[in-house]
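In the UniProt record's numbering, the protein residues as written are 6 to 355.
We treat Cβ as the ideally placed atom computed from N, Cα and C, and that holds for glycine.
Here the structure is a predicted model, which is why all the values come from computation and not from measurement.
For reference, the structure discussed in these notes is given below.
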Amino acid sequence: PLVLGIETSCDETGIGIVRGTRLLSNTIASSMDEHARYGGVVPEVAARAHLEELVPMIRAATSDAGIRLEDVDAIAVTYGPGLSGALMVGVGAAKALAIALGKPIYAVNHLVGHVGADVLQTEADPGTEPLEYPTIALLVSGGHTSLLLVRDLVSDVELLGETIDDAAGEAFDKVARILGLPYPGGPQIDRVAVGGDPAFIRFPRGLSHHKDMEHHRYDFSFSGLKTSVARWVEQTRDAGETVPLADVAASFREAVIDILLTKAVAACTDLGVPRLLLGGGVIANARLRELAVERTDAAGIALRIPPLSLCTDNGAMIAALGAQLIMAGHEPSTLVFGADSTLPASVIQG
Ligand code: ATP
Ligand code: MG
Ligand code: FE
């Protein structure tokens with residue numbers, strides 16, 4: 006089926022068009038720059054940007070794909086989780102399109118969409134085998150840090166754990182700010198960490214103690230780490246010394262990555278699932294990808310990392326999930342669904 010996907014859960018206005026598992030276009034506008042001076046995504050600003058960008062992005066996507074809007078078989082749209090106002094813009098647009106075109110609509114879960122992106126990779130690179138299930142998925146971005154057990158993409162997704170405070174990307178953004186670096190923090194931390202010693206300071210690994218591993222085995226916590234970096238920097242400055250930026254950045258980054266991978270690999274091992282899929286904007290981190298390869302190799306786990314354009318929020322992954330639902334024979338959503346900012350990971354379709 007030819008499916009147009011709409012993604013507006015955060016700061017990306019993403020429109021993707023797929024035919025089955027084939028990617029035809031993936032256009033994205035981001036309001037990232039507008040949020041820079043606030044140091045994080047401002048919901049109202051993101052929602053207004055979606056309003057401005059949706060129509061131009063839909064035009065660009067259909068033109069890139071070489072199709073007419075009337076040609077699509079279905080519309081897929083993210084209806085949660087994410088920022089309410091931002092989601093509402095995408096949901097409203099998707100419903101309007103579906104009604105105007107007389108086409109079915111599939112309201113889908115953003116997190117499961119990140120997993121669905123994988124099907125497009127197989128088609129793009131014929132060397133890769135389709136992802137087998139069950140698989141563990143680690144999704145890390147500015148808004149989420151979730152560990153999922155995906156038994157079946159369209160029918161069985163379980164949330165194993167998630168962050169109990171900041172998301173991993175948010176931690177990068179906040180620590181960058183502490184170090185006096187601009188937003189978004191991830192790429193900035195990466196830049197200054199070059200040549201730094203990752204073992205210079207042993208920052209705390211949240212929820213990794215013995216007792217935490219009992220009750221929060223698959224949960225994440227980054228706010229203690231952030232506070233610890235802040236305190237270290239403050240004490241160093243108070244002592245009249247210069248902060249060794251490269252070492253602090255490298256040590257912080259190592260702590261985040263260590264926590265993420267330790268828990269993801271533990272989930273694979275505990276549950277006997279030798280497959281790990283990564284997704285989300287933080288996957289742009291080269292050190293994370295490097296260490297992921299090392300750790301999964303050592304544990305005999307097959308690692309999947311979609312290309313970055315499919316890791317950050319995008320419409321193609323939403324279209325791909327919609328197409329998978331259709332191919333599995335799922336009925337379309339009825340128009341009564343609305344944006345659900347706290348949609349649980351286990352609810353795949355609305
Ligand atoms: P959502 O949470 O809905 O997926 P988002 O817009 O917050 O959306 P993304 O756009 O996928 O998330 O990712 C942005 C986040 O990724 C930011 O927090 C940014 O700091 C982080 N990031 C980007 N590049 C890197 C990097 N090289 N290392 C670490 N973090 C990075
Ligand atoms: Mg983003
Ligand atoms: Fe996302």
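Paired residues, beta bridge with residue i - DSSP
i	result
I141	L154 and L281
I80	L9 and I110
Q354	V113
T32	I20
G118	Beta-bridge pairing links G118 to no other residue.
R27	R24
Residue i - DSSP class collapsed to helix/strand/coil
i	result
D16	coil
E163	strand
R300	helix
F225	strand
H112	Before going further, note that residue 112 is Ala rather than His in the sequence given. If DSSP states are grouped into helix, strand and coil, A112 belongs with the strands.
G305	coil
T168	strand
G320	helix
L186	coil
G21	strand
residue 359	Any answer about residue 359 is impossible in this case: the structure gives the chain only from 6 up to 355.
S256	helix
S213	coil
T127	helix
G147	coil
G85	strand
R292	helix
A181	helix
V270	helix
R207	coil
T339	coil
S233	helix
V46	coil
T347	coil
E57	helix
R73	coil
G191	helix
E134	coil
G95	helix
A176	helix
I310	coil
D202	coil
G327	helix
A105	helix
A333	coil
8 Å contact criterion, which residue i and residue j should meet: CB distance rounded
i	j	result
L230	A176	6 Å
Y111	S338	6 Å
L116	L153	7 Å
T18	A34	5 Å
A321	V23	6 Å
P109	A103	7 Å
I194	F257	7 Å
L136	D123	5 Å
R210	A260	6 Å
D78	P189	So it is not a contact: roughly 36 Å between Cβ atoms.
V238	V248	5 Å
T67	L74	6 Å
Reference residue i; option with closest CA among the options
i	options	result
H149	G284, D202, V234 and R258	G284
L92	D318, S351, E336 and M332	D318
G95	A79, S351, D38 and H55	H55
F225	T267, K108 and S68	T267
L88	I353, G343 and A321	G343
G118	F205, A269, R294 and Q329	Q329
R242	C15, V162, I183 and V50	I183
I20	T26, R27 and G10	G10
P312	Y188, P61, G45 and Q126	Q126
I288	L326, H220 and A173	A173
I323	R196, L7, L136 and A81	A81
F227	P131, I310 and L265	L265
A350	T274, S151, D123 and D195	S151
A307	D252, H220 and A142	A142
H40	R280, V278 and D178	D178
T133	C316, H335, R309 and A333	R309
R236	G45, F208, E167 and E58	F208
A198	V253, T232, G121 and T67	V253
C276	D130, L282, A129 and P139	The question names Cys, yet the displayed sequence has Leu at residue 276. Measuring from the Cα of L276, the nearest candidate turns out to be P139.
A99	V341, L348 and V352	V341
M332	T26, E58 and E167	T26
| said: If you measure from each CB to the nearest heavy atom of the ligand FE and keep those under 5 Å, what residues do you get, in chain order? | reply: For the ligand FE, the selected residues are S146 and D318.
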